[in-house]
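Structure first, then comments.
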Amino acid sequence: MSLDTPTLLSLLLLELLSLMVMLPLLMGSPVSRAARFAQGYIALQCVGWMALWLRQASGTPISDGLGGFVAMLALSASLSALWLALRDWLGRRPGRWAMTGAPLVLALASVLDGSGADHFGIAWSGLGLALQMLALALACSWPREAEQKSLESRHGTPIEHKDRAWRTLLGLGFGVMAGVTLLRCGLHFLEREAGWEAALTQAIILGTHVMLLVSVLSILVAWRGETELNLQRQAQTDALTGLANRRAFGSRSAELISLARRHGEPLCLMMLDLDLFKKVNDDHGHEGGDRALALFASCVQQVLRVGDLAGRVGGEEFCVLMARSDALGPHAMDARLRAVLRARAEPELGFPLDYSAGWALLRPGDRSVEDMMRRADAALYEAKRRGRGRLCDEPGWPPAEQTV
């Protein structure tokens with residue numbers, strides 16, 4: 024079989040059709056938005072190369088102008104779809120508006136005609152595709168956002184170390200493809216491509232074969248990493264409130280206690296319990312109780328500082344571990360939380376909501392967060408005994424040496 028341009032194009036189209044069918048079957052349903060963008064990348068590549076194949080086939084009912092427009096629109100949109108998938112998987116990337124607007128601009132540029140304008144349109148649309156490929160290479164190398172790294176590290180090993188290989192391979196591949204495409208459109212600008220056009224076209228098609236393999240492997244690895252991270256989050260997150268569950272809170276608190284002792288920093292634990300929660304369930308049903316729990320958790324998250332850890336440790340019991348916080352920290356957080364809860368409870372729930380709280384400071388003899396929780400729970404019980412809706416200090420606070 025002769026590997027001329029029509030043959031390579033036919034093989035590429037067959038490969039794309041196979042991938043377009045197999046990728047959704049491998050991923051299953053439902054999938055994330057990033058995975059849908061990745062599937063769209065393959066489907067749009069198939070549409071674009073199909074349009075080019077029909078253009079070259081004899082007796083095609085599609086005119087050169089319409090075929091070129093559809094091909095460029097689909098190929099450019101496929102690169103934009105892959106860029107959006109990377110954005111969802113890796114965090115915000117620079118160039119969103121340029122990537123989303125490029126398909127229509129390049130498709131219009133590809134159908135420019137008139138005196139000498141055919142080379143102009145092809146060259147400019149090719150340049151646009153090359154720039155999109157460079158944007159994909161940049162997206163692969165762009166560092167993750169600090170807040171996303173922090174979020175991932177709370178649920179296990181950050182995936183920065185797991186995705187470096189496929190990001191590097193995908194970025195290098197698109198960088199090489201961009202270089203070949205730039206060379207071809209540069210010859211179009213100079214109108215000197217006659218001796219090189221066939222070879223460069225075949226190189227681009229062969230490169231597309233390779234990039235499809237690299238892209239699909241990268242997509243599958245990224246999708247697997249996303250799935251694993253979601254499973255970790257589900258295993259460590261309370262489904263109703265979105266806070267850490269008791270197991271995850273205990274695991275993460277051990278790390279915070281270790282850091283506090285290593286650096287000689289104070290660490291406080293607050294225990295919070297919704298007041299008269301049984302009455303909330305009786306008056307408003309379990310759905311109303313669930314809404315109250317979700318709202319309270321949202322208020323807690325709203326007032327957390329960077330580095331603090333919040334979790335739901337019981338039915339209506341919550342804990343907040345406050346890093347680098349002395350005795351003033353719990354009182355400051357309590358004031359912020361009560362202000363937010365007063366402002367949101369009535370409008371969002373239709374009834375008021377209040378809580379009692381107790382706090383404890385990390386002591387040299389504490390073996391785990393459970394020791395802090397016992398003292399904070401005793402303080403919480405004292406707050407309930409005094410009439411609820413207040414914060415109480417741990418038993419024996421302040422220490423004798425701090426008492427005047």
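Here the sequence shown stands for residues 24 to 427, numbered as in our numbering.
Cβ atoms here follow ideal geometry from the backbone N, Cα and C, with glycine treated the same way.
Model, not experiment: these values are computed from the prediction.
Output needed for residue i: all residues of its chain with C-beta closer than 7 Å, excluding positions within five of it in sequence on either side, in chain order.
i, result
"LEU263", "ASP313, LEU316 and ALA317"
"ARG367", "LEU318 and CYS322"
"LEU35", "TRP72, ILE228, THR231 and HIS232"
"ARG56", "ASP111"
"ALA100", "LEU67 and PRO126"
"ASN268", "GLN259, THR260, ASP261, GLY334 and ARG335"
Which first and last residues belong to the beta strand (DSSP E) in which residue i is found?
i, result
"ASP261", "Careful: ASP261 lies outside any beta strand (DSSP E) and carries neither H nor E."
"VAL336", "Premise fails: VAL336 is in no beta strand (DSSP E) and is neither H nor E."
Where do the N-terminal and C-terminal ends of the alpha helix (DSSP H) with residue i fall, by residue?
i, result
"GLU38", "28-50"
"SER133", "119-133"
"LEU372", "351-372"
"TRP165", "No alpha helix (DSSP H) holds TRP165; DSSP gives it neither H nor E."
Does the Cβ of residue i have 16 or more other Cβ atoms within 10 Å, making it buried, or fewer, making it exposed?
i, result
"GLU417", "buried"
"TRP72", "buried"
"VAL134", "buried"
"TRP120", "exposed"
"THR260", "buried"
"ALA58", "buried"
"ALA258", "exposed"
"ARG275", "buried"
"PRO29", "exposed"
What does the alpha-carbon distance come out to for the pair residue i and residue j?
i, j, result
"GLY118", "GLY63", "19 Å"
"CYS208", "ARG167", "33 Å"
"VAL363", "ASP111", "31 Å"
"ARG335", "ASN253", "19 Å"
"ARG256", "VAL244", "18 Å"
"MET122", "ALA146", "18 Å"
"SER391", "LEU332", "15 Å"
"GLU38", "CYS69", "9 Å"
"TRP246", "VAL329", "29 Å"
Skipping 5 residues on each side, what residues in its chain have a beta carbon closer than 6 Å to that of residue i?
i, result
"ILE65", "LEU42, MET43 and LEU46"
"LEU150", "CYS208"
"ASP22", "No statement about residue 22 is possible, as the shown extent of the chain runs from 24 to 427 and does not include it."
"ALA383", "LEU292, MET395, ARG398, ALA399 and GLU417"
"LEU105", "TYR64"
In terms of DSSP beta bridges, what is residue i paired with?
i, result
"TYR378", "LEU297"
"VAL343", "MET293 and ALA333"
"CYS322", "For CYS322, which the question treats as bridged, DSSP gives no partner whatsoever."
"ALA383", "LEU292"
"CYS415", "GLY381"
Considering only residues of the same chain and omitting the five flanking positions on each side of residue i, which have a CB-CB separation below 8 Å?
i, result
"GLY410", "none"
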